[in-house]
Each structure stands twice: as C-alpha cells, then as structure tokens.
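Worksheet: one structure, shown below.
Chains as they are written, first to last, in our numbering: chain A, 22 to 183; chain B, 66 to 119.
See below:
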C-alpha cells in the first residue's frame, strides 16, 4: 500500500469537491480512539452533481468492487444513488461508500452530527462526531460493533473531562 | 529516576479499557493521529507481506 494512502483517498475526494462525511473506524481514530482500521468509510451526498464528482474520483482511484476483484466490476450511478453499502478496493486501499447508515440516515441527516476537521494545509473534511458514532454502534448491535463500544465510550468520557 | 510507589502505573476503566492509551492519543492533533495510524498500518501490512512469502 503506498505511503499515506488513507490521507491520499481523503485528499482526492476533497480536491474533487465531493460532499461526504467520514464515519467508521477512521473517524474514531481522528477523534482520539486508539484503534486500528484499514479502510476509509464515508457517507456521501446522493445529490446528482455530487454523485458525478464521486464517480470521477472513483475512476481516478481505479475503484472496483471488492467482491470478485478479478472481474473488475465498477460502481455506477445506480449504486451510488441507492441505499446500500459499496465495498471497493482502489489503488490507495479499501474504500467503503455508504449511501445510508444506521436506520437509513443520509448524508444530509448526518451533517448536524459532524464536524469539520483539518488534516493538513488545504485539507479539511467532515467527520462524524464520536457521540453519533457510539449511538449508531449501539443501534447496530453486532458483535463487532459492540466490541468497539467500550473504547469509544471511554474516549468520549476522557475528551469531555478535558 | 525510579517511579514513586505512590504513582499508579496503570489506569483501566471498569470495563477493561486502557485509559492511558486514550489520553496519549487524545494528546495528539487529528493530523498527528492520522500520521501515526498510517505509519502503524504500513508497518503491519509490511510484516504481513513478509511473512506471507512461501
């Protein structure tokens, strides 16, 4: 995996003016949760112009579905405007596009629960707040999600304690 | 310098989370967290790749 691949993916999306919110493990990492994650999970705006910008970014990233990679299946508009989760592999690593998360929450609905975060000069992205990440993990209730909850909750407590 | 006996060497929450690790990670900026995480990830992947060779 090339150096700085997580940042590279986020930078490319940002430079192409894709509207998205970073969620999942990397969002937790950026907010101080000491966990490891190997992919970038985002919820994108399904507005038509944004979907085009996202598709263009995916083409630059050589993105294909992780399932049956030998067939090199590429996502299209119908995938990006649906409701599902799109698990991709790109030349910079794994990228999961989530049309909605939790109980069908969209990009627009998640915006109030996100914050802008600077990652480097000229690179700022929106990240889902820890409180909402915890709420969503609690709702999901899978073993994997429940396993992460103690770390998320204790980090939030420590953050609030300052 | 020896650590005074009065200073606790660990701090775990009742559900077993290492709070010292959280506090250290919180002391970094988001950019530093990302940089650390990327470096760590690259190291792990390099070790995995090395050990995957026949």
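Yeah, the Cβ is synthetic: ideal placement off N, Cα and C, and Gly gets one too.
Buried or exposed by the 16-neighbour rule on C-beta atoms within 10 Å, applied to residue i
{"i": "residue 78/A", "result": "buried"}
{"i": "residue 146/A", "result": "buried"}
{"i": "residue 143/A", "result": "exposed"}
{"i": "residue 76/B", "result": "exposed"}
{"i": "residue 44/A", "result": "buried"}
{"i": "residue 14/A", "result": "As displayed, chain A neither begins before 22 nor continues past 183, which places residue 14/A out of reach and without an answer."}
{"i": "residue 55/A", "result": "buried"}
{"i": "residue 87/B", "result": "buried"}
{"i": "residue 83/A", "result": "exposed"}
{"i": "residue 165/A", "result": "exposed"}
{"i": "residue 57/A", "result": "exposed"}
Residue j beta carbon less than 7 angstroms from that of residue i
{"i": "residue 50/A", "j": "residue 116/A", "result": "no"}
{"i": "residue 95/B", "j": "residue 138/A", "result": "yes"}
{"i": "residue 149/A", "j": "residue 48/A", "result": "yes"}
{"i": "residue 26/A", "j": "residue 162/A", "result": "no"}
{"i": "residue 140/A", "j": "residue 99/B", "result": "yes"}
{"i": "residue 22/B", "j": "residue 171/A", "result": "Not covered by the structure: residue 22/B. The range shown for chain B is 66 to 119."}
Rounded C-alpha distance that separates residue i from residue j
{"i": "residue 199/A", "j": "residue 109/A", "result": "The requested residue 199/A is not part of the displayed model; chain A covers only 22 to 183."}
{"i": "residue 124/A", "j": "residue 160/A", "result": "8 angstroms"}
{"i": "residue 107/A", "j": "residue 101/A", "result": "8 angstroms"}
{"i": "residue 110/B", "j": "residue 68/A", "result": "36 angstroms"}
{"i": "residue 24/A", "j": "residue 103/B", "result": "With a pLDDT of 47 at residue 24/A, under the threshold of 50, the modelled position of that residue is not reliable, and no figure is offered here."}
{"i": "residue 22/A", "j": "residue 132/A", "result": "Model confidence at residue 22/A stands at a pLDDT of 44, short of 50, so the residue's coordinates are unreliable and nothing is read from them."}
{"i": "residue 178/A", "j": "residue 83/B", "result": "13 angstroms"}
{"i": "residue 78/B", "j": "residue 95/A", "result": "45 angstroms"}
{"i": "residue 52/A", "j": "residue 71/A", "result": "26 angstroms"}
{"i": "residue 128/A", "j": "residue 71/B", "result": "50 angstroms"}
{"i": "residue 98/A", "j": "residue 104/A", "result": "12 angstroms"}
{"i": "residue 32/A", "j": "residue 66/A", "result": "17 angstroms"}
{"i": "residue 35/A", "j": "residue 115/B", "result": "33 angstroms"}
{"i": "residue 111/A", "j": "residue 81/A", "result": "9 angstroms"}
{"i": "residue 117/B", "j": "residue 105/B", "result": "18 angstroms"}
{"i": "residue 122/A", "j": "residue 67/B", "result": "50 angstroms"}
{"i": "residue 91/B", "j": "residue 92/A", "result": "42 angstroms"}
Beta-ladder partner(s) of residue i, from DSSP
{"i": "residue 86/A", "result": "109/A"}
{"i": "residue 65/A", "result": "41/A"}
{"i": "residue 144/A", "result": "141/A"}
{"i": "residue 77/B", "result": "83/B"}
{"i": "residue 60/A", "result": "115/A"}
{"i": "residue 122/A", "result": "126/A"}
{"i": "residue 149/A", "result": "135/A"}
Contacts that residue i makes with chain A (C-beta to C-beta distance below 7 angstroms)
{"i": "residue 113/B", "result": "Under the 7 angstroms cutoff, chain A gives no residues; its nearest Cβ is about 11 angstroms from residue 113/B."}
{"i": "residue 80/B", "result": "171"}
Within chain B, the residues that residue i reaches when beta carbons sit closer than 7 angstroms
{"i": "residue 28/A", "result": "99, 103"}
{"i": "residue 55/A", "result": "86, 87, 90"}
{"i": "residue 164/A", "result": "Near residue 164/A there are no residues of chain B at all, since even the closest Cβ is about 16 angstroms away, more than 7 angstroms."}
Contacts that residue i makes with chain B (C-beta to C-beta distance below 8 angstroms)
{"i": "residue 153/A", "result": "Result: empty, since nearest Cβ-Cβ is about 17 angstroms, beyond 8 angstroms."}
Chain A residues whose Cβ lies nearer than 9 angstroms to that of residue i
{"i": "residue 117/B", "result": "Result: empty, since nearest Cβ-Cβ is about 14 angstroms, beyond 9 angstroms."}
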